[in-house]
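Reviewing the structure listed below.
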Amino acid sequence: MGTNINGNLPVRNLLLSLIQKRFVKTSSTTRPPIASSSSSSFTVQYLINSCGLPLQSALSVSKKFRIDENNLQKPQSVIQFLKSYDFQDSHIAKLIEKWPAVLRSRTEDNLKPKFDFFIKNGFVGQLLPQLAVLDPVIFRTSLDASIKPCFELLKRFLESNENILAALSRAPFLMSFSFNATVRPNLDLLKKEGVTADRVAKLLLSQPRSLQHSNDRMVYAVSYLKQLGIEPDKTMYIHALTVIARMNESAWRKKIDMFKSVGWTEEEVLWAFKRLPYILLTSEEKIRSMMDFFLNKMKLERQTIVANPALLKYSFGNRILPRCNVLEVLKSKKLIKRDPNIVSLLKLSEKDFMERCVIKYEDKVPGLLEMYGGIDKDDEAKKLKLF
0 MGTNINGNLP VRNLLLSLIQ KRFVKTSSTT RPPIASSSSS SFTVQYLINS
50 CGLPLQSALS VSKKFRIDEN NLQKPQSVIQ FLKSYDFQDS HIAKLIEKWP
100 AVLRSRTEDN LKPKFDFFIK NGFVGQLLPQ LAVLDPVIFR TSLDASIKPC
150 FELLKRFLES NENILAALSR APFLMSFSFN ATVRPNLDLL KKEGVTADRV
200 AKLLLSQPRS LQHSNDRMVY AVSYLKQLGI EPDKTMYIHA LTVIARMNES
250 AWRKKIDMFK SVGWTEEEVL WAFKRLPYIL LTSEEKIRSM MDFFLNKMKL
300 ERQTIVANPA LLKYSFGNRI LPRCNVLEVL KSKKLIKRDP NIVSLLKLSE
350 KDFMERCVIK YEDKVPGLLE MYGGIDKDDE AKKLKLF
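Quick note on numbering: numbering that gives the first Met the number 0 labels position 266 of the sequence shown as 265, and the sequence is numbered without any gaps.
Now the structure itself:
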């Protein structure tokens, strides 16, 4: 994008008018100094024309950041520097939205060494701009004291730069302010407890925010899992760890009591937790409504629900209710000779359920597809009919 911001365009005049209305109050007693209004207007123009920000973003940034129209050398040199590292216009705009002060950064002795470090370690092409846009805080920390040790530790577990970027997209803090104070001690704890590197990598990729908990909280979670008999080599260990780390003792007790109020025993809740830890994060409202539906509407036995806790995690509106409606229709039309195994049908993949219970009977039950899901399901049905 060009840096000429004084073009004689009608749109530019309209923009200036909008800006003036926003930044200059009409009351003579509260009107800001002309210089301030002019500075705001110029900043907005520059952010739009030279940095690619949309109007609303430029207005927002200009409230906390000013560009001196008599000293454009610094912001222009920063933009050129970013472009020399393959930053596209969209990257530059997003970076400035998140970190306007980058336009005042020292490129040679601050940004360049950090950029070069990542490039040397494989962040080539669009990986570096993606990282910078993801969390600019990374580039405001010390290269030697923070970036290098954080990167090396993440690399040890995640191996590839793509995996590092995937983890950072979920939790940018992993390579910034809280790493040495929180993440590193938690990783050391898991290693000490015998959690394998591949399991730690899975945790970093799937639930990296779990590592942001205080070390005391993680020590508590690890200790409680030992009491429950969930060992680090178990498949569900990291998922159980994630859940326990998020819940204090009071919240855990409250959730147990809620399950007991709908007929479960504490032993059953703990059994279900070991099989599907995230069941304890399901809201009380959903648990109660789902139990009521399965017990009173679908006439399932309580033990059947306990034995299949995943039923309580499925979406009621997108999965449970549409499938149950289809089964009721097929039963009423006597197209199903014997009572179906409802649990098995609810667990089927979308593709398998469509094939076995919808497409198979579509000609015999007009409107079955529409009742099951309408337009969205129709697209899936057309795909399946091609095979």
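Cβ coordinates follow ideal geometry from the N, Cα and C atoms, glycine included.
- Of the residues 184, 271, 97, 47, the one placed nearest residue 139, counting alpha carbons only: Comparing alpha carbon positions, the residue from 184, 271, 97, 47 closest to residue 139 is 97.
- When the Cα atoms are used, what is the spatial distance from residue 288 to residue 234? Their backbone Cα atoms lie some 30 Å apart in a straight line.
- What are the start and end residues of the alpha helix (DSSP H) that includes residue 165? It spans 160-169 - the alpha helix (DSSP H) in which residue 165 sits, taken as one unbroken run.
- Query: Exposed or buried, which one is residue 44 when buried takes at least 16 other CB atoms within 10 Å?
  - Reply: Per the 10 Å Cβ criterion, buried.
- Task: Rank 155, 147, 130 by C-alpha distance to the C-alpha of residue 165 and give the top, closest one.
- Result: Closest option to residue 165, Cα to Cα, is 130.
- Message: Is the beta carbon of residue 334 closer than 9 Å to that of residue 305?
- Response: For residue 305 and residue 334, no; Cβs fall outside 9 Å.
- What first and last residue would you give for the alpha helix (DSSP H) that runs through residue 284? Going by DSSP, residue 284 is part of the alpha helix (DSSP H) stretching over 283-291.
- For residue 106, I'd like the list of residues in its chain whose CB is within less than 7 Å of its CB, leaving aside the five on either flank, ordered along the chain. Shown here for residue 106: same chain residues with a beta carbon closer than 7 Å to its own, the five before and five after excluded, namely 76, 77, 80 in chain order.
- Burial state of residue 336 (16 or more Cβ within 10 Å): Exposed, by the Cβ-count rule.
- Query: How about residue 134 and residue 104: are their beta carbons less than 9 Å apart?
  - Reply: Cβ distance not < 9 Å, so residue 134 and residue 104 don't count as in contact.
- Task: Could you have a look at residue 87 and say whether DSSP puts it in helix, strand or coil?
- Result: The answer is coil: DSSP assigns residue 87 none of H, G, I, E or B.
- Which class does residue 300 belong to by DSSP, given the choice of helix, strand or coil? DSSP places residue 300 outside both helix and strand once states are collapsed to three, so it counts as coil.
- Query: Got a sec, what are the start and stop residues for the alpha helix (DSSP H) residue 234 sits in?
  - Reply: No alpha helix (DSSP H) holds residue 234; DSSP gives it neither H nor E.
- Task: Mind checking which residues open and close the alpha helix (DSSP H) that includes residue 127?
- Result: Residue 127 -> alpha helix (DSSP H) spans 126-133.
- Message: So, at 6 Å on beta carbons, what are the nonlocal neighbours of residue 61 in its own chain, with the 5 sequence-adjacent residues on each side left out?
- Response: Its chain contains 39, 42, 43 as the residues whose beta carbon lies nearer than 6 Å to that of residue 61, once the 5 sequence neighbours on both sides are disregarded; these appear in chain order.
- Query: In angstroms, rounded to a whole number, what distance separates the CA positions of residue 125 and residue 137?
  - Reply: Approximately 17 Å, taken between the alpha carbons.
- Task: Quick one: using the 10 Å Cβ neighbour count with 16 as the cut-off for buried, is residue 101 buried or exposed?
- Result: If you draw a 10 Å sphere on the C-beta of residue 101, you find 16 or more other C-beta atoms in it, and that means buried.
- Could you have a look at residue 105 and say whether DSSP puts it in helix, strand or coil? Of the three classes helix, strand and coil, the one that applies to residue 105 here is coil, per DSSP.
- Item | Burial state of residue 316, where buried means 16 or more other Cβ atoms lie within 10 Å | Burial state of residue 316 is exposed, judged by a 10 Å Cβ sphere holding fewer than 16 other Cβ atoms.
- Message: So the candidates are 225, 222, 188, 154; which of them puts its Cα closest to the Cα of residue 200?
- Response: Nearest option by C-alpha distance: 154.
- Query: Can you list, in chain order, the residues of its chain whose CB lies under 7 Å from that of residue 216, leaving out five sequence neighbours each side?
  - Reply: The answer, listed in chain order, is 244.
- Item | Cα-Cα separation between residue 330 and residue 127, rounded to whole angstroms | Rounded to the nearest angstrom, the two C-alpha atoms are 57 Å apart.
- Message: Considering Cα atoms alone, identify which of 87, 46, 84, 53 is closest to residue 67.
- Response: Considering only 87, 46, 84, 53, the residue with the shortest C-alpha distance to residue 67 is 46.
- What residues in its chain sit with their C-beta under 7 Å from that of residue 53, if we drop five residues either side in the sequence? There are no such residues.
- Cα separation between residue 93 and residue 132? Each residue's Cα considered, the two are about 6 Å apart.
- For residue 117, which of 262, 159, 48, 340 has the nearest alpha-carbon? Considering only alpha carbons, the answer is 159.
- Message: Going by C-alpha to C-alpha distance, which of 237, 71, 212 sits closest to residue 183?
- Response: Looking at the Cα atoms, 212 is the closest of the given residues.
- Item | Span separating the alpha-carbon of residue 272 from that of residue 210 | For residue 272 and residue 210, the distance between alpha carbons rounds to 21 Å.
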